[in-house]
Amino acid sequence: MWVAVDAMSGDYGPDRIVEGAVNAVNQDGRNVILVGKEEDISETLLKYEYDTNKIRIVHASEIIGMNDSPSIAVRAMEDSSVVQAAQLVADKTCVGMFSPGNTGATMAAALLYLGRIPGVLRPPIAAPIPREKGAPTLLLDAGANVDCKPEYLAQFAIMGEIYSRLIFNIHKPKVGILSNGEEDKKGNSVTVKAFEFIKKLPIDFVGNVEGRDLYGGGRDVDVVVCDGFVGNIVLKATEGLSKSIFAVLRESIAQSSLAQTGALLLKPTFTAIKKRLDYAEYGGALLLGVEGTCLIGHGSSNAHAVRNAIRVVVECAERNLNQRIKEEIEKAKF
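Numbering (full-length UniProt numbering), first residue to last: 1 to 334.
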């Protein structure tokens, strides 16, 4: 199974992307096609030793920037790294793609070249949110669809439940709707109607959940659905809070020699906490509901994130995630 990796669209050029791809090859035995400017990628690869049969380069002369209009750029820049990565999945050369670039452009390329799984109304972004214990909570939609109909949220529940079961190995994921209270009639008109749809599905639906439940501090829930407007705000707020906590902690430790001594003793604990909260452990967020696999990474993705992203793409293919989604979407009638 080959994975197409957009090597040019991250914040730091090909350096971290190539390092992560080499690690995936050397440590996990993956097969990777690096897409981008061949000269730059080849030069970066010279730093490493690896099985040359497991890494290929596909030249792409253009790069879609973070500030480019996604839909316009994808159509106008057909030789961009993200478009060429999508093309490799579309023609079945690769089982999936990973891009740490412009999120909108990655989505547009996936929708244009890969298309939707039959029956899927709107593909959502599924983002893992670290929680107190066990696997992360899966939040979807994390930004693909700002305005949603109840039917979309019901399909998000189906796709998220399958993803959580197959990729996070949760036997029977608990699914909830993000709302402003646990009572059945809480929420806006869309979530109230979605509640009625989802409770009829053959999944473990726990009803409405609140923001605190995402992190394991309240009700037990594995998959949380919402529209992309709310989901993206939750995702960005979570990232910001995590950074702020560590920044405050560092500042407080620096002000006291006693605290510094204690911090040295607690260093393994801090390292474990940081790892648990690190997005790099999950590689990125999956665009569910498209043919093939499309994983969207953070612009500042490091080598560890890239390696994990490649792992997730392969796991989705190995476990037939898309086929399972297709089968369950066909069964559901709204």
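Ideal Cβ placement from N, Cα and C applies to all residues, glycine included. No experiment lies behind these values; they were computed from the predicted model shown.
- Between A85 and M97, the CB-CB gap stays under 7 Å.
- Secondary structure note for C294: its beta strand (DSSP E) is the uninterrupted segment T293 to I296.
- In the DSSP assignment, the residues bridged to S99 are I296.
- Within the segment 31 to 118, the complete beta strand (DSSP E) runs of at least 3 residues fall at 31 to 36, 55 to 59 and 96 to 99.
- In the DSSP assignment, the residues bridged to T137 are I129.
- Inclusion of A305 and G289 in the CB contact set at 7 Å is not warranted, their separation being larger than that value.
- Nearest neighbour of G217 by Cα position, chosen from G134, A154, R311 and R75, turns out to be G134.
- For the 7 Å CB-CB criterion, V192 and V206 do not form a contact.
- Counting other Cβ atoms within 10 Å of its Cβ, N145 reaches 16 or more and is therefore classed as buried.
- For V3, the pairing in a beta bridge is given by DSSP as V32 and G96.
- Spanning the alpha carbons of G10 and K200 requires a straight line of approximately 42 Å.
- For V313, the closest C-alpha among the options R16, R30, E251 and M8 is that of R30.
- Setting aside the 5 residues that flank it on each side, E330 is surrounded in the same chain by G119, each with a C-beta closer than 6 Å to its C-beta; the list follows chain order.
- DSSP links K174 through a beta bridge to D204.
- Distance from the CA atom of D147 to the CA atom of I177, rounded to whole angstroms, is 15 Å.
- A Cβ-Cβ separation of about 13 Å leaves S42 out of contact with A60 under the 8 Å criterion.
- In this structure, the straight-line span from the alpha carbon of K149 to that of A194 is close to 8 Å.
- With 16 or more neighbouring CB atoms inside 10 Å of its own CB, L153 falls in the buried class.
- By the beta-carbon neighbour count (other beta carbons within 10 angstroms, threshold 16), S301 is buried.
- Sixteen is the threshold: when 16 or more other Cβ atoms of the shown chains lie within 10 Å of the Cβ of Y163, as they do, the residue is buried.
- T137 is a Cβ neighbour of V224, given a cutoff of 7 Å.
- Contact annotation: the segment 319 to 333 touches the segment 164 to 171, with at least three C-beta pairs closer than 8 Å.
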